[in-house]
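Report on the following structure.
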């Protein structure tokens with residue numbers, strides 16, 4: 004996600020300081036425009052007035068921002084740190100307080116759109132933090148995303164993102180169950196999809212993912228392991244807020260089963276294989 008996001012900033016004419024866990028990626032990307040390949044996040048901090056990061060989980064985010072050679076070790080007072088990762092809302096609020104105490108600004112700005120959205124500059128950002136800070140750095144978001152939603156104070160961008168992924172993951176599981184049931188009962192998958200598309204059960208996620216399943220293409224746009232991580236964050240948030248999430252708890256178990264079966268790095272639509280293998284059918288297209 005981070006590579007195409009940074010590429011769009013370069014293509015928009017910005018000077019961009021770049022760091023990646025894989026150093027060669029930063030060097031490669033820097034050559035595509037007015038880029039500076041950096042050895043550490045702290046070095047990025049020394050060059051930039053607004054810093055975007057997109058990493059896999061809460062621990063990675065804390066390490067890149069607050070850890071040894073982290074952003075705050077090199078950044079100048081007044082720098083805006085924008086965390087586009089999907090992490091714990093409560094941990095993000097703690098990070099926001101920690102960087103504010105050192106004179107920096109912080110926005111949580113998780114994004115959605117998966118790999119195609121990042122590649123095409125069509126991401127949706129959900130932003131939490133100080134609205135005036137967001138408005139000031141909004142032009143930097145625009146090359147990367149077409150839909151920008153200010154959600155409120157610190158952590159609320161993440162709360163919105165987790166809500167969206169909660170619904171997506173449960174729709175994915177419902178589709179898996181429905182199509183396996185229909186296929187086992189003798190209904191052709193393409194016909195079942197057409198019926199869904201012309202009913203109240205119509206879903207953008209289903210319309211996008213079904214063709215991949217029908218042609219047995221589980222190449223990754225959004226992996227099982229990362230959605231499973233997000234489901235865990237949803238359940239943690241539910242616990243903190245005393246909100247029961249019974250359906251999401253069951254969906255988490257099915258995603259965990261997919262990881263146990265070896266599908267963790269595959270796309271989330273590969274979770275259908277868990278049910279397929281249990282009942283002995285394959286949801287496969289005829290064309």
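Numbering (this note's numbering), first residue to last: 4 to 290. Ideal placement from N, C-alpha and C gives every residue a C-beta, glycine not left out.
By alpha-carbon positions, which one of the options ends up nearest to residue i?
{"i": "residue 113", "options": "6, 178 and 128", "result": "128"}
{"i": "residue 161", "options": "131, 177, 170 and 172", "result": "131"}
{"i": "residue 194", "options": "213, 176 and 44", "result": "213"}
{"i": "residue 135", "options": "154, 117, 224 and 122", "result": "154"}
{"i": "residue 122", "options": "238, 14 and 200", "result": "14"}
{"i": "residue 50", "options": "93, 58 and 79", "result": "79"}
{"i": "residue 206", "options": "239, 171 and 215", "result": "171"}
{"i": "residue 278", "options": "289, 288 and 259", "result": "259"}
{"i": "residue 60", "options": "68, 82 and 185", "result": "68"}
{"i": "residue 280", "options": "84, 186 and 22", "result": "186"}
{"i": "residue 7", "options": "118, 104, 48 and 82", "result": "118"}
Reducing DSSP to helix, strand and coil, say where residue i ends up.
{"i": "residue 23", "result": "coil"}
{"i": "residue 40", "result": "strand"}
{"i": "residue 266", "result": "coil"}
{"i": "residue 294", "result": "Outside the displayed range of the chain (4 to 290) lies residue 294, so it cannot be described from this structure."}
{"i": "residue 56", "result": "strand"}
{"i": "residue 150", "result": "strand"}
{"i": "residue 226", "result": "strand"}
{"i": "residue 131", "result": "strand"}
{"i": "residue 233", "result": "helix"}
{"i": "residue 173", "result": "helix"}
{"i": "residue 251", "result": "helix"}
{"i": "residue 17", "result": "coil"}
Rounded to the nearest angstrom, what separates residue i and residue j at their Cα positions?
{"i": "residue 227", "j": "residue 262", "result": "7 Å"}
{"i": "residue 245", "j": "residue 152", "result": "26 Å"}
{"i": "residue 33", "j": "residue 40", "result": "6 Å"}
{"i": "residue 209", "j": "residue 174", "result": "8 Å"}
{"i": "residue 251", "j": "residue 38", "result": "42 Å"}
{"i": "residue 183", "j": "residue 275", "result": "8 Å"}
{"i": "residue 70", "j": "residue 77", "result": "12 Å"}
{"i": "residue 16", "j": "residue 146", "result": "10 Å"}
{"i": "residue 254", "j": "residue 247", "result": "14 Å"}
- Message: Suppose only complete runs of 4+ residues qualify. What are the alpha helix (DSSP H) ranges in the stretch 62 to 129, listed by chain order?
- Response: 74 to 77, 92 to 103 and 117 to 123
- Message: I'd like to know if the stretch 219 to 228 and the stretch 131 to 148 are in contact, where contact means that at least 3 CB-CB pairs between them fall below 8 Å.
- Response: no
- Message: Tell me whether the stretch 96 to 108 and the stretch 175 to 182 touch, counting them as touching only if at least three CB pairs, one residue from each stretch, are closer than 8 Å.
- Response: no
- Query: Taking the runs of the alpha helix (DSSP H) that are 4 residues or longer, which of them lie wholly in the stretch 165 to 210?
  - Reply: You should have 192 to 200.
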